[in-house]
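Participant: Let me begin by handing over the structure; questions about it come next.
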C-alpha cells in the first residue's frame, strides 16, 4: 500500500513538473502588451516605453481609470518617455533625459506630470518633489473608439510635434517644441572656419531656415565648384536663387541641374527641377529673359 502511495506521489510530482515546464515555454499573449517606439524629432528623437491595455467592453475613464486619481498612463510597469535634446512641453522646460509619464485624468481637464522617478505605478509611490514638469491639458472626444491604449508622436515639424494619448473615446495631447537653430548655427560657424567644410549641408540649412541667403549662395557655389556634376547641389543653388528673387538665374540653374540629372538617368531629380521650373513660371514676378537674336 505504501509502495502504491509512493508511486502515485512520484507520478503526480512528475506531471506537475512537466506542466510547469510547459507553462514556462508557452508564449501566452499578454493582456496589456509592452510597446516601445522611437520617433526622430528635430536633431535627436523621442522614445516611449509603455504597456497597452484594451477596453474589452469596459467603461474606462471614471471607472477603470478613476477621475482625480494619479494614473501610470498605461498598465503594468511605469510609462517612460525619453527626450534626446532639451525641449519645452506645453511651454515647460525639460532637459534631455529619460522620465516617467504620469497623468491625473478628469472629465474636463487632465494634469500631465513628467517625473524624474522612472518606476511610479501608483499614487502611494509618487513624490511631487520629483516633478520636472506639471501642466494641464483639455481632453477631446474621439469620433471613432480606440480599443487599445495608444501613445504616439504626430504632427511632426522641424521644431515641434504632439505627443498624443488615445483610449476609448478620449484623446489628450501636449506639444513638444525645441529651438535648435542657435546650437546648429554655432556648429556651422565653427565647422565652416575649418579646412574641411560641409558647404552643401550648410547652404541647405541656411536656405531652409531663412538665414543669410547670400552666404548660402556663396557656399553652394563652392560646393558645385568642387563637384560640377552634383546636380542635387545645382538644384539647391536654383532654390536659393528663387529665395533671392533671381528668377531668371534660378531658371537657368534649374535647367542645368535637369540636364545633368538626365545624363545620370535620375528621373526623380529631373521631376524636382520640373516642379521648381513650374513654380518659377507661375510667379507673377518672373519675366522670361528675351530670346537671343540669331
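Residue numbers (our numbering): 1 to 294.
Ideal Cβ placement from N, Cα and C applies to all residues, glycine included.
In this text, all values refer to a predicted model and were calculated from it rather than measured experimentally.
(1) With DSSP as the reference, label residue 70 as helix, strand or coil.
(2) Under a CB-based cut-off of 8 Å, is residue 101 close to chain B?
(3) In terms of DSSP beta bridges, what is residue 170 paired with?
(4) Alpha carbon to alpha carbon, how far is residue 189 from residue 182? Give it in angstroms, no decimals.
(5) Give me whichever residues DSSP pairs with residue 186 in a beta bridge.
(6) Check residue 241 in the structure and name its three-state DSSP category.
(7) Among the residues of its own chain, which have a CB less than 6 Å from the CB of residue 86, if the five just before and after it don't count?
(8) With contact counted as at least three CB pairs below 8 Å, one residue from each stretch, are the stretch 58–71 and the stretch 100–111 in contact?
(9) State the Cα-Cα distance for the pair residue 92 and residue 173, rounded to the nearest angstrom.
(10) What are the residues that DSSP puts in a beta bridge with residue 161?
(11) What residue does the alpha helix (DSSP H) around residue 280 start on, and which one ends it?
(12) So for residue 77, helix, strand or coil by DSSP?
(13) For the alpha helix (DSSP H) containing residue 221, list its first residue and its last residue.
(14) Less than 8 Å between the C-beta atoms of residue 240 and residue 207, yes or no?
(15) Assuming contact is defined by CB atoms lying nearer than 8 Å, are residue 41 and residue 90 in contact in what I supplied?
(16) Are the beta-carbon atoms belonging to residue 151 and residue 163 less than 8 Å from one another?
(17) In three-state terms, what does DSSP make of residue 286?
(18) For the alpha helix (DSSP H) that residue 295 lies in, which residues bound it at each end?
Facilitator: Quick answer:
(1) coil
(2) The structure shown has no chain B; it contains just one protein chain.
(3) 141 and 167
(4) 11 Å
(5) Answer by DSSP bridge pairing: none, since residue 186 is not bridged.
(6) helix
(7) 95 and 96
(8) yes
(9) 14 Å
(10) 176
(11) 267–282
(12) coil
(13) 213–226
(14) yes
(15) no
(16) yes
(17) coil
(18) Since the first residue shown for the chain is 1 and the last is 294, residue 295 is missing from the structure and cannot be characterised.
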